[in-house]
């Protein structure tokens, strides 16, 4: 078998970046919503979706007090955001660099229907990906993200083998191209929370999907030490009559990973997938309370909605110093809660309406 791609120097750089992102309980702020999706977030606080408001909001996130860099190792950006400048001509992402937060970039171009399958899809964007990765690396990014989406339907009869294999190969090709250009690929095979499937069905499908993903990564000679995995937590479907405790979710999730995810992978940065902010944090904490020998990888977070819902609620589109500082304080709090959960040391918090509010969006796209 051929060795993993890249020179020893490139492999060392990729491994260093991947480890740094998840060091000491750090996780990722996913601020890579497309223009349409950030519009939905802004609409929830009656804020117009224009470039200035998108810039103001993300600048608010990136200018949070420097202590946030102790909780966030990376931030995923949308293309527009990478090149936005504030009124002083400063790139707003320079604020991330100043806080020691590694910059990443969303490189997929969205989910499209997979012909011949029943309500299944694949992700497009491989055309010209090498050139785009090369440019993003030159422009200050050190990692990338690509999301594939799978659905559990008919109590696990789908995702079909066709959809699983197609999406695994797409993720592997993306990961290989990223690594050739010096970017750490975040491999994201998301199994949606939509449906009434049980915890056991989600665990079985998660194992099936991840086993195909890592077979494809091996076939494409991807250097695993220079990757991160961004999966769903193993949970019952949103409409399942029997929900699960954080401890049950933790056991099912870690068991699924032990059966499928090589120990060479340095970190697992979970997506929140429509869980409330508090659910996502509690479930992550429960995983990190399991014995260390059961989890050879760092188990951390790559949250979008579950880091931003309370922030948006606090901000309300108001650029006054008082409201901006209030919103930034909320971001620091949520990031710290998740850092503590990634260390297995989260002890709970006062429940707020925003933190316990459902973030579920059916058939979520962004």
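In the numbering used here, the protein residues as written are 306 to 671. The C-beta atom is built at its ideal place from N, Cα and C for all residues, glycine as well.
- Message: Tell me which residues share the same chain as residue 671 and place their Cβ nearer than 6 angstroms to its Cβ, disregarding the 5 neighbours each side in the sequence.
- Response: Unreliable positioning characterises residue 671 in this predicted model, as indicated by a pLDDT of 47, which lies under 50. A coordinate reading is not provided.
- Query: Can you check whether the CB of residue 508 is closer than 8 angstroms to the CB of residue 557?
  - Reply: Contact: yes.
- Item | Selected residue, minimal CA-CA separation from residue 503, among 598, 417, 618 and 547 | Minimum Cα distance to residue 503 is reached at 547.
- Following the continuous beta strand (DSSP E) through residue 653, name the residue where it begins and the one where it ends. No beta strand (DSSP E) holds residue 653; DSSP gives it neither H nor E.
- Grab me the residues of residue 500's own chain with a C-beta within less than 8 angstroms of its C-beta, minus the 5 sequence neighbours each way, in chain order. Result list for residue 500: 456, 457, 458, 542, 543, 544 and 545, in chain order.
- Query: Do the stretch 463-470 and the stretch 410-429 meet, that is, are 3 or more Cβ pairs less than 8 angstroms apart?
  - Reply: With a cut-off of 8 angstroms, the stretch 410-429 and the stretch 463-470 count as touching, because enough Cβ pairs lie within range.
- Task: Could you tell me how far apart the beta carbons of residue 323 and residue 566 are, in whole angstroms, since I believe they sit closer than 8 angstroms?
- Result: Their Cβ separation, rounded to whole angstroms, is 14 angstroms, which puts residue 323 and residue 566 out of contact at 8 angstroms.
- Check whether the stretch 583-602 touches the stretch 625-638, counting contact only when three or more Cβ pairs, one atom from each stretch, lie closer than 8 angstroms. No, the stretch 583-602 does not touch the stretch 625-638.
- Query: Can you give the Cα-Cα distance for residue 603 and residue 361, rounded to whole angstroms?
  - Reply: So the two alpha carbons sit approximately 33 angstroms from each other.
- Message: Determine whether the beta carbon atoms of residue 510 and residue 491 lie at a separation below 8 angstroms.
- Response: For the 8 angstroms CB-CB criterion, residue 510 and residue 491 do not form a contact.
- Message: Quick check for students: name the residue ranges of the alpha helix (DSSP H) that lie wholly in the stretch 409-459, counting only runs of 4 or more.
- Response: Here the runs fully enclosed are 434-443.
- For residue 546, name the three-state secondary structure that DSSP assigns. Three-state result, residue 546: coil.
- Message: Quick check on residue 339: does DSSP put it in helix, strand or coil?
- Response: If DSSP states are grouped into helix, strand and coil, residue 339 belongs with coil.
- Item | Unbroken stretches of the alpha helix (DSSP H), 4 residues or longer, contained in the stretch 369-408 | Complete alpha helix (DSSP H) runs here, min 4: 384-387 and 399-403.
- Query: Do the CB positions of residue 537 and residue 578 come within less than 8 angstroms of each other?
  - Reply: The Cβ atoms of residue 537 and residue 578 sit closer than 8 angstroms to each other.
- Message: Would the stretch 357-374 count as touching the stretch 631-643 if we require 3 or more Cβ pairs under 8 angstroms?
- Response: The answer is yes - the stretch 631-643 touches the stretch 357-374, with three or more Cβ pairs under 8 angstroms.
- Query: What do you reckon, are the CB atoms on residue 535 and residue 450 nearer than 8 angstroms?
  - Reply: Yes, they are a contact pair.
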